[in-house]
Amino acid sequence: KIEGLYGTLIVDKNGDYSYLPNGEKFGIETFAYETTSVIGIKEAATLEINVGQAITASEHADIAVSSAADDVFTMGDGADTVSFENLGGLLEGGNGNNGLDEWTDYDSSQGDVIDLTELLDGEQTEVNLDGYLKYADGKLQVDRNGGGDEFEDLLVVADAADTSVLIIWGDIEDPLYNLLTSELLIG
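According to the working numbering, the stretch in the sequence shown is residues 2 to 188, in order.
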């Protein structure tokens, strides 16, 4: 048994392994190891395990925050919010080191919201928003510094039409459809 940051790794003599998350913390668990063959050849390797959250919320207006792992949010009824923060460096683009999450029961008619206020760099406007957000292949993609050249997948919104996804960015709330189909954006 090897205790990690987020759980326990159990390695068998034949090389098979299992991992049991502790359910207290979430992120990317990394184990560095070295193997030695029967003839003495050593090789180093790294094992990464994505320990994501599986959040099931209530019928009330709940708030959940994404982690660096691939999280799954089932938020239930109520006007729920899933928030994303910058988990990376200040100058990095992409998704701010968030995992690729899934919101299984997003429902705009209940007031569900995706909050990107703490993820984006704060310099976004209606004029330059196409450098920050796009929706492709069923996934919300972001480039947190607005350069438009480091888009990374952020969130799969299960069973939601493009027109129903409500995004908060700074002081503005707008359906994703309005943002991505405006004359300022080319989806």
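Think of the CB as a built atom: it goes at the ideal place given N, C-alpha and C, for glycine as much as any other residue.
Paired residues, beta bridge with residue i - DSSP
| i | result |
| --- | --- |
| G75 | Checking the sequence, you will find Thr at residue 75 rather than Gly. The partner list for T75 (beta bridge, DSSP) reads T57. |
| Y133 | The partner list for Y133 (beta bridge, DSSP) is empty, contrary to what the question assumes. |
| V12 | Y18 |
| K256 | Because the chain is modelled from 2 through 188, residue 256 falls outside the range shown and cannot be assessed. |
| N51 | I29 |
| I64 | T82 |
| E103 | V73, V157 |
| E44 | T36 |
Residue i to residue j span [Cα, whole Å]
| i | j | result |
| --- | --- | --- |
| D163 | A80 | With a pLDDT of 48 at D163, under the threshold of 50, the modelled position of this residue cannot be trusted; read the value that follows with caution. C-alpha separation (whole angstroms): 18 Å. |
| G77 | V66 | 15 Å |
| E153 | G28 | 18 Å |
| T31 | K14 | 20 Å |
| T57 | T75 | 5 Å |
| S59 | N99 | 24 Å |
| Q54 | N23 | 11 Å |
| G139 | V39 | 48 Å |
| N51 | D71 | 7 Å |
| G89 | V157 | 20 Å |
| V12 | L6 | 16 Å |
| W104 | V73 | 6 Å |
| L134 | V143 | 5 Å |
| L130 | K2 | 48 Å |
Residue i (DSSP reduced to helix, strand or coil)
| i | result |
| --- | --- |
| S109 | helix |
| G28 | strand |
| S19 | strand |
| D163 | Note on D163: pLDDT 48, under 50, position unreliable in the model; the coordinate value appears next. Three-state DSSP puts D163 in a helix. |
| E127 | coil |
| E153 | strand |
| N98 | coil |
| D144 | coil |
| Y34 | strand |
| I115 | strand |
**Study point:** the region 109–121 in contact with the region 81–100 per 3-pair CB rule at 8 Å
**Key:** Contact holds: three or more Cβ-Cβ distances are below 8 Å.
Exercise for review: Flag this pair as touching only if the region 137–155 and the region 91–101 have three or more C-beta atom pairs under 8 Å; answer yes or no.
Suggested key: Touching, yes, given that three or more Cβ pairs across the two stretches are closer than 8 Å.
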